[in-house]
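Peer 1: In the working numbering, each residue carries its 1-based index in the sequence shown increased by 1293.
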Amino acid sequence: MKAVRIHQFGGPEVLMYENIPDPQLRKDQVLVRVKACSLNHLDLWVRKGLPGVKLPHILGSDVAGEVAEAGEYISGFASGQRVLLAPMHFCGDCAKCLAGLQNQCREFTVLGNGVDGGNCELIAVPAANVIPFPDSLDFNEAASVPLVFVTAWHMLVGLAEIRPGQTVLVLGASSGVGTAAIRIAKMFHCRVITTAGSDAKLEKAKALGADFVIDHYKQKISEEVRKITSKEGVDIVVEHVGAATWDESMKCLKSAGTLVTCGATTGPNVAVDLRHLFARRLRLLGSYMGTMGELHEVLGHVFAGRLKPVVDRAFPLSEIRAAHEYLEKSQMFGKVIVNT
Ligand SMILES: [Zn+2]
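1) Which of helix, strand or coil does DSSP assign to residue 1372?
2) Which same chain residues end up closer than 7 Å to residue 1615 when comparing Cβ atoms and leaving out the 5 residues on each side of it in sequence?
3) For residue 1621 and residue 1540, what's the separation of their Cα atoms in angstroms?
4) Please report how far the alpha carbon of residue 1337 lies from the alpha carbon of residue 1458, in whole angstroms.
5) Less than 8 Å between the CB of residue 1400 and some heavy atom of ligand 3, yes or no?
6) Relative to the C-alpha of residue 1602, which candidate in 1578, 1434, 1538 and 1407 has its C-alpha closest?
7) Under the assumption that residue 1551 contacts residue 1570 (Cβ atoms under 8 Å), give the Cβ distance between them as a whole number of angstroms.
8) When we look at the beta-carbon of residue 1320 and count the other beta-carbons within 10 Å, is it buried (16 or more) or exposed?
9) Put residue 1255 into one of helix, strand or coil per three-state DSSP.
10) Look up residue 1624 in the DSSP assignment and give the residues it is bridged to.
11) Please confirm whether any heavy atom of ligand 1 lies closer than 8 Å to the CB of residue 1386.
12) Counting beta carbon pairs with one atom in the stretch 1497-1504 and one in the stretch 1450-1466, are three or more of them shorter than 8 Å?
13) Tell me, to the nearest whole angstrom, how far the beta carbon of residue 1532 is from that of residue 1518; I am working on the premise that it is less than 8 Å.
14) Looking at residue 1389 and ligand 1, is the gap between the Cβ and the nearest heavy atom below 8 Å?
15) Please confirm whether any heavy atom of ligand 1 lies closer than 8 Å to the CB of residue 1505.
16) Quick one: which unbroken alpha helix (DSSP H) runs of 4-plus residues sit fully inside the stretch 1390-1460? Chain order, please.
17) When every heavy atom of ligand 1 is checked, does at least one fall within less than 8 Å of the C-beta of residue 1395?
18) Can you look up residue 1505 in the DSSP assignment and give me helix, strand or coil?
19) Nearer than 8 Å: is that true of the beta carbon of residue 1432 relative to any heavy atom of ligand 1?
20) Go ahead and label residue 1437 buried or exposed: buried means 16 or more other beta carbons lie within 10 angstroms of its beta carbon, across all protein chains shown.
21) With a threshold of 7 Å on Cβ separation, who are the neighbours of residue 1599 within its own chain once the five nearest residues in sequence on each side are excluded?
22) Spatial neighbours of residue 1626 within its chain, please: CB distance less than 6 Å, with the 5 preceding and 5 following residues excluded, ordered by chain position.
23) Drop a sphere of 10 angstroms on the beta-carbon of residue 1316, count the other beta-carbons inside from all chains shown, and report buried for 16 or more, exposed for fewer.
24) Can you find at least 3 beta carbon pairs, one from the stretch 1403-1411 and one from the stretch 1348-1361, that sit closer than 8 Å?
25) DSSP three-state label for residue 1336, please.
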């Protein structure tokens, strides 16, 4: 099959489009013919080098495609059935997995990070990862959903305990997690404030449903939030930008507000003033992916049309280097796809 592999860590030039043997299908797995795979910032981190990645390695966390073949022990799938993949790997029988807390499993990793991913024509995965999707979504839309929607759902619903009527600040409207968080917060009838770096992106954020938009290059986020909320601040901040916005995000919280973070795109080292943390009773929460239960819960809303993915553009798998450069320069609004 055709696949994109990395044999060393580095820039987009290490992505090699090449012929490799088809994966061996285990009896408890399903073989899926990949049609679309969306990119995440994680792909850039893995390409640049993360611990635990064995070379050569196939990137790609978010897969949509068709069932090619089901292993001997697997029933309930038809050849050609349209499916998306849960973007996570877990053991399935430890205490955490059995409690439904797959993202706390010691073997937990993201598809395309600790295990080979979907930048290829065929992928074999456990049946639990294979989820049929309805005709209302095309392959590119289906591949845009899993990682960012389960991440945003775990952050807002699982951890921050979002409630109708709250005010939510979502950093980085143009990112995959940003668009998903805006959609989810609006589904909960919340007031959404978001940030982006150009007029065109601010317009698109409004079209997604954001009530207020802030240009993070031209305006000071905390000052605008103070004006919008009559000095009160927001209930929840959805962070993933990291060092560049951390101080501003902390200033935007109301008393007893919650900041939940799942990323550090602009850098991992930030300062926390402990006096503010305790005196203002703030909650700082770290989030990594989500559980299989949460994935199925959020997919239910996507399949019913209550939550919609945002697809920016698609590249052929053979042009994946251009897709990485496009994501790296933050030119997108929503998800970037590669098609096999
Ligand atoms: Zn486990």
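Even for Gly, the Cβ is constructed at its ideal location relative to N, Cα and C.
Peer 2: According to the structure data:
1) coil
2) 1608
3) 23 Å
4) 36 Å
5) Judged by which ligands are present, ligand 3 is missing from the structure shown, whose ligands are ligand 1.
6) 1434
7) No, residue 1551 and residue 1570 are not in contact; Cβ-Cβ is about 12 Å, not under 8 Å.
8) exposed
9) Past the boundaries of the shown model lies residue 1255; the chain is included only from 1294 to 1633, so the question cannot be answered.
10) In the DSSP output, where bridge partners are listed per residue, residue 1624 has none listed.
11) yes
12) yes
13) About 14 Å separates the two Cβ atoms, so there is no contact after all.
14) yes
15) no
16) 1432-1436 and 1439-1446
17) yes
18) strand
19) no
20) buried
21) 1480
22) 1467, 1494, 1497 and 1605
23) buried
24) yes
25) helix
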